[in-house]
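Undergrad: One structure follows; several queries about it will come next.
Residue numbers (the working numbering): 140 to 380.
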């Protein structure tokens, strides 16, 4: 089996002072919970076929997991209780959901599905409230720290990030174009800079969110023997400070 590179760390209220990392298994059916201080797996949770994306609110009251389910026509969003490790709810959503995001309070969950849409779910009522069409292959999602904005990064032809105003009824507020198909992103805590991996680039592009445009391109140097080979960076993060 193959482990997905999508990982999630959380502070569990039931065990004060301890941190846990949740690792989805994108080619299996489970999630491993690892105690960061000891690097030991303390729990294996069976959640469903091909769990892909994972997210949780700041208070760690729930863990949301996207079940990609390769061989099924539709995927699922599951609610896991991080204290009991029980799956508390399942919601059928669009096909092959990928890396979701939730607002810091856990109320809104945005899930990219392979139908050209991001599905917006109310985490409290556990119902789909709307779908946002981006085109391409919806793949990655990023929430702002204040819970106001969602950034949708679909792979493929759009070559742009869609910005959604969560508090204005999930309305599209604008787009940021990039030079190639967008992949995993990262967002500065002040919501001013958006860092985006793109296809064909060992590095990332940096966008000014207010201007809705790319203002910098960071390209890593690679050994000469690898030059010319098709590749890209796939994943980046920003320290809280």
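No residue lacks a Cβ here, since even glycine has one placed at the ideal position from N, Cα and C. Owing to the predicted nature of the structure, the values given are computational and were not obtained by experimental measurement.
1) Return the CA-CA distance between residue 281 and residue 296, expressed in angstroms with no decimal places.
2) Out of 225, 362 and 286, which one is the CA nearest neighbour of residue 245?
3) If I measure Cβ to Cβ from residue 320 and keep anything under 7 Å in the same chain, skipping five residues before and after, which residues do I get?
4) To which residues does DSSP link residue 261 through a beta bridge?
5) Here's a check: name, in chain order, each residue in its chain whose Cβ is nearer than 8 Å to the Cβ of residue 378, leaving out the five neighbours to either side.
6) Going by beta-carbon coordinates alone, are residue 185 and residue 206 separated by less than 8 Å?
7) CB-CB under 8 Å to residue 331, same chain, minus the five flanking residues each way: which ones, in chain order?
8) When you compare the CB of residue 354 with every CB in chain B, is at least one pair closer than 8 Å?
9) Give, in chain order, every unbroken run of the beta strand (DSSP E) that is at least 3 residues long and sits entirely within the stretch 271 to 338.
10) When you compare only the Cα positions, how much space is there between residue 213 and residue 355?
11) What's the C-alpha gap between residue 260 and residue 195?
12) Taking a contact to mean a Cβ-Cβ separation below 8 Å, would you say residue 387 touches residue 242 in this structure?
13) By DSSP, does residue 225 sit in helix, in strand, or in coil?
14) Go ahead and label residue 359 buried or exposed: buried means 16 or more other beta carbons lie within 10 angstroms of its beta carbon, across all protein chains shown.
15) Given a threshold of 16 other Cβ atoms within 10 Å of its Cβ, counted over all protein chains shown, does residue 217 qualify as buried or as exposed?
16) Kindly provide the ranges of any alpha helix (DSSP H) runs that are 4 or more residues long and lie completely inside the stretch 175 to 217, ordered along the chain.
17) Determine which residues share a DSSP beta bridge with residue 256 and list them.
TA: Taking the geometry as given:
1) 19 Å
2) 286
3) 294, 295, 298, 337 and 338
4) 247 and 266
5) none
6) no
7) 347, 348 and 349
8) Checking the listed chains, one finds no chain B in this structure; it contains a single protein chain.
9) 276 to 282, 288 to 294, 299 to 304, 310 to 316, 321 to 326 and 332 to 337
10) 38 Å
11) 14 Å
12) An answer regarding residue 387 cannot be provided, because it is not within the stretch 140 to 380 covered by the chain.
13) coil
14) exposed
15) buried
16) none
17) 272
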